[in-house]
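Asker: One line per chain: the protein sequences are P and L, in this order.
As numbered in my numbering, residues 1 to 123 make up the first sequence, in order.
As numbered in my numbering, residues 1001 to 1123 make up the second sequence, in order.
Submitted below is the structure of interest, expressed as structure tokens.
There are 2 protein chains.
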Amino acid sequence: MKTMEIANKLVELCREGKDEEAQRLFYAEDAVSVEAGAPPGKDPEMKGLGAIREKREWWYANHEVLQVTVTGPWPHGDRFILGFKIDVTPKASGQRFQMEEMALYTIRSGKIVREEFFYHMGG
Amino acid sequence: MKTMEIANKLVELCREGKDEEAQRLFYAEDAVSVEAGAPPGKDPEMKGLGAIREKREWWYANHEVLQVTVTGPWPHGDRFILGFKIDVTPKASGQRFQMEEMALYTIRSGKIVREEFFYHMGG
């Protein structure tokens, strides 16, 4: 699929909360996912679809996601940016908060090979 | 300056319409600026601060910019994203329109060395 087809489908699936399906359909097996930051001792970079799936599972196991608003896509060649506004309560703290991040996706051979999340770290 | 200092100053100057000053202060002499697209026969990539300045001058000579709204920054390592909503009337057509784009900036040695604009091409 072309970059804009993937971008539009990804927006659609993320809006429907079907990000697991999106990973299965659009991510390369060797895709890399990079956070803007990570807790001390943790790696901000996940390599491979297996590790990306585990990160997703960890996120949903530890957070109650109340709402996700997706904006974009904004394309540029074989990349595009999506915006995510997330209203979430971490199960450990119970303290609901809202965050906004931008995600930069890179496509190769019709698959997402890299996703990079841009956001402020706490503090 | 550090990435977030540059990002915050850039937002401030762009909000004040002082993007010429921002270029002078924060851009490396060999900075590269890449548009998502270009008219037939034109290059989407401008190399060097001189060419970037000329692009800026062309833009203001040919457009009446009614409003610019800047969002962000969203940082990730030595890069950050800003959002621009632009309300503009091209002088040639007189047809006012609104556009939204994301800009991805890369910092090296305390200067912006690359800016890339993400947006839909017309049609």
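We put the CB at the ideal spot given by N, CA and C, even for glycine.
Under 7 Å, do P1073/L and A1022/L count as touching if we go by C-beta distance?
Answerer: no
Asker: If you count every other CB in all the chains shown that lies within 10 Å of the CB of A1103/L, and 16 or more means buried, which is it?
Answerer: buried
Asker: Specify the secondary structure class of D87/P as computed by DSSP and reduced to three states.
Answerer: strand
Asker: With K55/P as the anchor, note down where its alpha helix (DSSP H) starts and where it stops.
Answerer: 49–62
Asker: What's the C-alpha gap between I107/P and K91/P?
Answerer: 34 Å
Asker: Give the interface partners of Y119/P over in chain L, defined as CB-CB distance under 8 Å, in chain order.
Answerer: W1074, P1075, H1076
Asker: Can you list, in chain order, the residues of its chain with a C-beta nearer than 6 Å to that of K1047/L? Leave out the 5 residues immediately preceding and following it.
Answerer: Excluding residues within five positions, the ones whose Cβ falls inside 6 Å are V1032.
Asker: Could you check if A36/P is buried or exposed, using at least 16 other CB atoms within 10 Å of its CB as the buried criterion?
Answerer: buried
Asker: Identify whether M46/P lies in helix, strand or coil by the three-state DSSP scheme.
Answerer: strand
Asker: Distance check for S109/P and T1003/L, CA to CA, integer angstroms please.
Answerer: 32 Å
Asker: How long is the line joining the alpha carbons of I1112/L and F117/P, rounded to whole angstroms?
Answerer: 20 Å
Asker: Grouping DSSP H, G and I as helix and E and B as strand, with all else coil, what is Q23/P?
Answerer: Reduced to three states, the DSSP call for Q23/P is helix.
Asker: Should E116/P be flagged as near chain L, meaning a C-beta pair shorter than 7 Å?
Answerer: yes
Asker: Name the chain L residues that come within less than 8 Å of E101/P, Cβ to Cβ?
Answerer: W1074
Asker: Could you please give me the residues that DSSP links to E116/P through a beta bridge?
Answerer: V34/P, L104/P
Asker: Taking any Cβ of chain P, which residues in the segment 1009–1039 of chain L have a Cβ under 9 Å from it, in chain order?
Answerer: If the cut-off is 9 Å between Cβ atoms, the segment 1009–1039 of chain L has V1034, E1035, A1036, G1037 near chain P.
Asker: Ordered along the chain, which non-local residues of its own chain (more than five positions away) have a Cβ less than 6 Å from that of Y1105/L?
Answerer: F1080, I1112, E1115
Asker: CB-CB under 6 Å to K1085/L, same chain, minus the five flanking residues each way: which ones, in chain order?
Answerer: T1069, E1100
Asker: To which residues of the same chain is K1055/L closer than 7 Å at the C-beta, ignoring the five residues directly before and after it?
Answerer: S1033, M1046
Asker: Is there a Cβ from chain L that is less than 7 Å from the Cβ of I81/P?
Answerer: yes
Asker: Would you mind giving the Cβ-Cβ distance between L1082/L and V1011/L, rounded to the nearest angstrom? I have them listed as a contact below 8 Å.
Answerer: 6 Å
Asker: Less than 8 Å between C-beta atoms, sequence neighbours within five positions excluded: which residues of the same chain meet that for H63/P?
Answerer: Here the set comprises V88, T89, P90, K91.
Asker: Determine which residues share a DSSP beta bridge with K1111/L and list them.
Answerer: In DSSP, K1111/L forms a bridge with R1108/L.
Asker: Where does A7/P sit, in a helix, a strand or coil, going by DSSP?
Answerer: helix
Asker: Based on the DSSP secondary-structure assignment, which residues constitute the bridge partners of Q1098/L?
Answerer: D1087/L
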